[in-house]
């Protein structure tokens, strides 16, 4: 196993080689914004899928997608300005777990931690599923293998992270800026074609409309009325556009000095980029794009703007898959980091705080991989199936983080604390309302799973912490009197006399010179007699005890004798020294009974 691990994971890396890379604003924009910007690839489509239930597509749907996108953009503005206050107050990184724990207490902090861990798992599942959909839109023959593609992609990212691949800024920059460039180019082409009188014409692939999840709306489907609840569902799905906005506030220490200033500027850049992409894709979707299971909305728009079979359309799809892959990869850094913080506070097993051979938190990476693969398989790598679970945890962590910031300003009362508290208070109020809108609108579609999971995970956290606290209390030296010296009774089981037996006896006498006993379980009288004859020569002053075993049992008489020795003295320990024969070849094990 060790050799296989070295081949797949690589040789261990010494701790001194651990490097923390300081990032410029441009590089940090790529590193921390891939999750947020990639959500524009599927957020509009999730809105349109719900409107399709009412038979609204293309220009008819745009009457509703435009105001819904406007509300989400306003929500983005509020959240971004709220997190600017967090960056100012927590220059060493202010994730929801840290902020909520510091300012609201243990249980709000654990709730934020549980919500974030679920969010990171869903980020991997949603991003990889959306990336697979981007490629199957380009190559429809791959549609039957979408789940397999997603699973393989997660496993590849897992192995890459287990090998200790650094978050190289330049590695992140290329796909992120390529996607940003291609989407902005697509929007610019659309604007230019409208200005020159060449209207954008989007031709969806043949087939039924795709509703939420895997629902297909064929010709016989009766259109639903446009109700407030339907619009709430569309809005709730579109709120996926805000996932990943908090990443910059978590990574403030990675910025070049002045860290807080650079992080706040980068957050504005990211918000403007996300707004333009989300608004532009939503606008272009009104030119005939329809939700289809075979092709994503952004692929249809790219095909309509750049032309069917165009190299630009192909580049757009590969850029989309690339940034979604990077969005998933950010969770492979954030999930282990957060689980390490929670483990250091003794709410997760301590193994989650330990660096592996390659200077990465291997246990966190493995757990994230297993959970995200399970989600991809259970939900058939269908983005629309996963979205109802996604936004609940995101907005719960938003709410707890911003509520914690309000408490922070009232505690510290720094200069300008009133205006900062008002901004964070507005953020907390709005995200709290949106969280409940999402829970109500998406409860039946799958949000109930997250609503049940979060308190269940918090209970697990508390149970682990109680165990560690009880163990620490039992091991504490407080109130313990200095213990008297222990008597060490060493027992050496002997089958026959050979070099291994002699070495075992020498070792036993080195740890307890005057309390060593050799024990032989007699199942063959002739063999026992020969052993006794040779013992006077080789056994020295170590007594040999013979235990009769009329039923040829080796273990039972030996255990009975050990219990008898242990019961003789109150303040003693019993040590068993077993000589072991180590064969040279693996198949030699079959020839020896140990």
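Residue numbers (this note's numbering): 26 to 619. Backbone N, C-alpha and C fix where the C-beta goes; we use that ideal spot for every residue, glycine too.
Expressed to the nearest angstrom, what Euclidean distance is found between the alpha-carbon atoms of residue i and residue j?
i, j, result
"residue 86", "residue 465", "23 Å"
"residue 14", "residue 265", "Any answer about residue 14 is impossible in this case: the structure gives the chain only from 26 up to 619."
"residue 229", "residue 212", "18 Å"
"residue 310", "residue 329", "10 Å"
"residue 317", "residue 326", "12 Å"
"residue 513", "residue 599", "6 Å"
"residue 532", "residue 350", "57 Å"
"residue 436", "residue 601", "60 Å"
"residue 143", "residue 543", "57 Å"
"residue 477", "residue 409", "20 Å"
"residue 176", "residue 154", "9 Å"
"residue 463", "residue 114", "29 Å"
"residue 82", "residue 425", "37 Å"
"residue 399", "residue 387", "18 Å"
"residue 105", "residue 182", "29 Å"
"residue 233", "residue 321", "14 Å"
"residue 615", "residue 540", "35 Å"
"residue 575", "residue 550", "11 Å"
"residue 158", "residue 147", "16 Å"
"residue 609", "residue 185", "35 Å"
"residue 163", "residue 300", "26 Å"
"residue 496", "residue 378", "18 Å"
"residue 449", "residue 500", "44 Å"
"residue 70", "residue 407", "13 Å"
"residue 375", "residue 167", "42 Å"
"residue 145", "residue 363", "10 Å"
"residue 254", "residue 270", "26 Å"
Given 7 Å as the limit, tell me if residue i has its C-beta closer than that to any heavy atom belonging to the ligand NAP.
i, result
"residue 438", "As far as ligands go, the structure on display features none, and thus does not contain the ligand NAP."
What residues are listed by DSSP as bridge partners for residue i?
i, result
"residue 149", "Bridge partners of residue 149: none, in fact."
"residue 600", "515"
"residue 48", "280"
Where do the N-terminal and C-terminal ends of the alpha helix (DSSP H) with residue i fall, by residue?
i, result
"residue 362", "336-369"
"residue 443", "442-467"
"residue 76", "68-76"
"residue 591", "580-593"
"residue 473", "473-500"
"residue 333", "Counting along the chain, residue 333 falls outside any alpha helix (DSSP H), and DSSP gives it neither H nor E."
"residue 536", "524-536"
"residue 258", "253-263"
"residue 273", "272-275"
"residue 128", "121-129"
"residue 185", "171-187"
Assign residue i to one of three DSSP states: helix, strand, or coil.
i, result
"residue 549", "coil"
"residue 373", "coil"
"residue 629", "The question about residue 629 has no answer here: the residues shown for the chain are numbered 26 through 619."
"residue 404", "coil"
"residue 606", "coil"
"residue 81", "coil"
"residue 141", "helix"
"residue 470", "helix"
"residue 576", "coil"
"residue 503", "coil"
"residue 158", "helix"
"residue 437", "helix"
"residue 212", "helix"
"residue 223", "coil"
"residue 614", "helix"
"residue 192", "Since pLDDT at residue 192 reaches only 49, below the 50 mark, its modelled position is unreliable, and the value read off the structure follows with that caveat. Residue state, collapsed to three classes: coil."
"residue 164", "coil"
"residue 379", "coil"
Return the Cβ separation of residue i and residue j in integer angstroms, given the expectation that the two are a contact with Cβ distance under 8 Å.
i, j, result
"residue 94", "residue 263", "7 Å"
"residue 397", "residue 150", "5 Å"
"residue 352", "residue 63", "4 Å"
"residue 112", "residue 285", "5 Å"
"residue 333", "residue 275", "With a Cβ gap of about 41 Å, residue 333 and residue 275 do not count as contacting."
"residue 489", "residue 372", "6 Å"
"residue 204", "residue 344", "4 Å"
"residue 259", "residue 72", "5 Å"
Return the first residue and the last residue of the beta strand (DSSP E) that residue i is part of.
i, result
"residue 513", "512-518"
"residue 571", "569-573"
Does residue i have its Cβ less than 8 Å from a Cβ in chain D?
i, result
"residue 151", "This model lacks chain D altogether; it includes just one protein chain."
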